[in-house]
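25 is the number that numbering that gives the first Met the number 0 gives to position 26 of the sequence shown; each next residue is one higher, with no gaps.
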Amino acid sequence: MCLPQNYPKPDTFECFQAGYRYDTITHKSLVGTNEGDFNKNWYVICSNYFDDPFYVDFSENDKEFPVYFSWHGAGNWMPVKVAETLSEFSNFLTIIKNIEADSQQAVKYLEEHSDLTNEFWKEVYVEYLEKAEEPINELQITDKSEWIKGKVIITDIGKDKLKLIQFIKDQLNLTPQQALVVSKQGEIEYKEGYLAHLKHIVNQLKAMGATAIFRPDPV
């Protein structure tokens, strides 16, 4: 979900900028010169499941167009460089796409070829790491302290509220209105089960910017 899924066609490139460079409804320009504004030289080249944009700066053609990423709905646009050049980014995505069916191979590739201190690539890494985990049954659990029943509780959806609301909506099969109501609760009961099965979900939510805990059921 973190990597690009949506791409413009040549004849829809300008329309693809809606919501970033200009307002979708009013068509009013959203570009600005202040810190956190969407820069006039930035153009979105693709977006992911959450509509988070990947973009290049048209004034950086001499650098072969480094690729930047920002989280949508964060309140401001803070660029995170995800590739030194557009060509490098394209090649990286091609490799990942070719190996993503084998999540363990994808994890290994990310460990060896991406900067895991980078916020974006760390999130991608966590996503593939969760996919790589094999289903756990009771016989596989060696640490019996993890065989505790309880719930995953989201206590704070974090700064990127739109992203978490979208995630909650999809995972809990809610309508947009229901997801919005749930997101305003002080505590959100997300999943229930055993710690051994749920600890990776807590880590996934934390990687997305939320605050989540595993709360054991009362004895």
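Just so you know, even glycine gets a beta-carbon here, dropped at the ideal spot from N, CA and C.
Cβ of residue i versus every heavy atom of the ligand COA: is any distance shorter than 6 Å?
i, result
"ILE98", "Absence of the ligand COA is noted for the structure shown, with no ligands found whatsoever."
In angstroms, rounded to a whole number, what distance separates the CA positions of residue i and residue j?
i, j, result
"ILE129", "GLU99", "Here residue 129 is Glu; the residue named in the question, Ile, does not match the sequence. Taking the straight line from one Cα to the other gives about 13 Å."
"GLN4", "SER46", "6 Å"
"ASN90", "LYS96", "10 Å"
"SER58", "TRP70", "22 Å"
"PHE166", "ASN33", "30 Å"
"VAL201", "ALA178", "19 Å"
"GLN203", "GLY157", "13 Å"
"ILE140", "ASN172", "For ILE140, the pLDDT reaches just 49, beneath the cut-off of 50, and the residue's location in the model is therefore unreliable, leaving the point undetermined."
"LEU115", "THR174", "34 Å"
"GLU186", "ASP10", "45 Å"
"ILE164", "SER182", "6 Å"
"LYS168", "LEU197", "19 Å"
"HIS26", "LYS39", "15 Å"
"PRO7", "ILE94", "21 Å"
"LEU92", "VAL55", "16 Å"
"GLN170", "LEU109", "26 Å"
"GLU111", "VAL180", "41 Å"
"VAL218", "LYS190", "19 Å"
"ASP51", "GLN184", "25 Å"
"ASP101", "HIS199", "19 Å"
"PHE12", "ILE24", "17 Å"
For residue i, which residues from the same chain have a beta carbon less than 6 Å from its beta carbon, with the 5 sequence-adjacent residues on both sides left out?
i, result
"SER113", "TRP120"
"THR210", "THR154 and ASP155"
"CYS104", "Before going further, note that residue 104 is Gln rather than Cys in the sequence given. Correct list, in chain order: ILE98."
"VAL106", "TYR127, LEU128 and ALA131"
Thinking residue i and residue j are a contact (beta carbons under 8 Å), I'd like their distance in whole angstroms, please.
i, j, result
"PRO215", "ILE147", "5 Å"
"GLU122", "CYS14", "Actually they are not in contact, since the Cβ atoms of GLU122 and CYS14 sit about 27 Å apart, beyond 8 Å."
"PHE49", "VAL81", "Not confirmed; about 15 Å, so no contact."
"VAL125", "ALA73", "About 18 Å; that fails the 8 Å criterion."
"GLY208", "ASP159", "5 Å"
What are the residues that DSSP puts in a beta bridge with residue i?
i, result
"SER28", "TYR21"
"CYS45", "PHE53"
"VAL181", "Note: VAL181 sits in no beta bridge, so no partner."
"TYR108", "Beta-bridge pairing links TYR108 to no other residue."
"ILE153", "ILE187 and ALA211"
"TYR193", "LYS148"
"PHE275", "The question about residue 275 has no answer here: the residues shown for the chain are numbered 0 through 218."
"PHE91", "In DSSP, PHE91 forms no bridge with anything."
"PHE37", "VAL30"
"ASN5", "SER46"
Near residue i, which residues of its chain fall below 7 Å by C-beta distance, leaving aside the five closest residues on each side in sequence?
i, result
"LEU194", "GLU145, ILE147, GLY149 and PHE213"
"PRO231", "The displayed coordinates of the chain run from 0 to 218. Any statement about residue 231 would go beyond what the structure contains."
"GLN16", "TYR42 and VAL43"
"GLU188", "LYS150 and ILE152"
"ASP22", "LEU29"
"LEU161", "HIS71 and GLY72"
Can you name, in chain order, every residue of its own chain whose Cβ lies under 8 Å from the Cβ of residue i, other than the five neighbours on each side?
i, result
"PHE37", "TYR19, ARG20, LEU29, VAL30, GLY31 and TRP76"
"GLU137", "Model confidence at GLU137 stands at a pLDDT of 48, short of 50, so the residue's coordinates are unreliable and nothing is read from them."
"GLU118", "VAL79"
"GLY35", "GLY74, ASN75, TRP76 and MET77"
Distance cutoff 7 Å, beta carbons only. Does residue i sit that close to anything in chain D?
i, result
"GLY192", "Considering every chain present, this structure includes no chain D. It has just one protein chain."
State whether the stretch 85-98 contacts the stretch 53-67, with contact taken as three or more CB pairs (one from each stretch) at a distance under 8 Å.
In short, these stretches touch, since the Cβ pair count reaches three.
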